[in-house]
Each structure stands twice: as structure tokens, then as C-alpha cells.
Amino acid sequence: AALARAKTLLDRLEAENAQSARLNDLPLFTAAAPPVAARPSEVEARLKAVDADNLTPREALDVIYALKDLLEKS
Numbered sequence: 002a003a004l005a006r007a008k009t010l011l012d013r014l015e016a017e018n019a020q021s022a023r024l025n026d027l028p029l030f031t032a033a034a035p036p037v038a039a040r041p042s043e044v045e046a047r048l049k050a051v052d053a054d055n056l057t058p059r060e061a062l063d064v065i066y067a068l069k070d071l072l073e074k075s
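Those letters in the sequence shown? Residues 2 to 75, per my numbering, in order.
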């Protein structure tokens with residue numbers, strides 16, 4: 002978000018005559034748009050769906066390997 006804001010300000014300065022632009026006119030401290038929340042990954046979604054208290058050791062190991070495979074594929 003900060004880099005995007007800096008790029009916007011730089012483009013504005015380059016578009017205007019940088020020597021005549023007053024620093025007080027630049028909106029350096031205005032609130033930027035809040036970042037967009039990232040969508041949960043498939044690994045997160047599957048992990049949240051796991052009922053760890055009711056897994057056998059073998060099922061838990063299978064879940065771990067399945068999640069590991071998902072991470073490697075993405």
C-alpha cells in the first residue's frame with residue numbers, strides 16, 4: 002500500500018512541473034485505502050475443517066501429508 006501511494010505521488014509530481022508544486026499541497030498524510038483482505042488459501046480452509054481431537058494418529062499423518070502436497074502444488 003505504501004509503495005502504491007508513493008508511485009501515485011511520484012506520477013503526480015512528474016505530471017506537474019515539479020519545481021512549481023508546493024510540498025504542502027501534496028497529500029502525503031491522507032488516509033490510504035485499507036488493504037484488501039486476502040482470501041484464505043486452500044490449505045487454510047482444509048486445516049480449519051480438520052477435527053484434530055477425533056483423528057487417529059494415522060489420519061493425522063494423512064492430513065499432514067495432504068496439506069504438504071497442497072503447499073508444494075501451489
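Ideal Cβ positions, reconstructed from N, Cα and C, are used throughout, including at glycine.
Mind checking which residues open and close the alpha helix (DSSP H) that includes residue 9? 3 to 16
Could you have a look at residue 63 and say whether DSSP puts it in helix, strand or coil? helix
Grab me the residues of residue 6's own chain with a C-beta within less than 6 Å of its C-beta, minus the 5 sequence neighbours each way, in chain order. 33
How about residue 36 and residue 3: do their beta carbons lie closer than 7 Å? no
Is the distance from the Cβ of residue 45 to the Cβ of residue 71 below 7 Å? no
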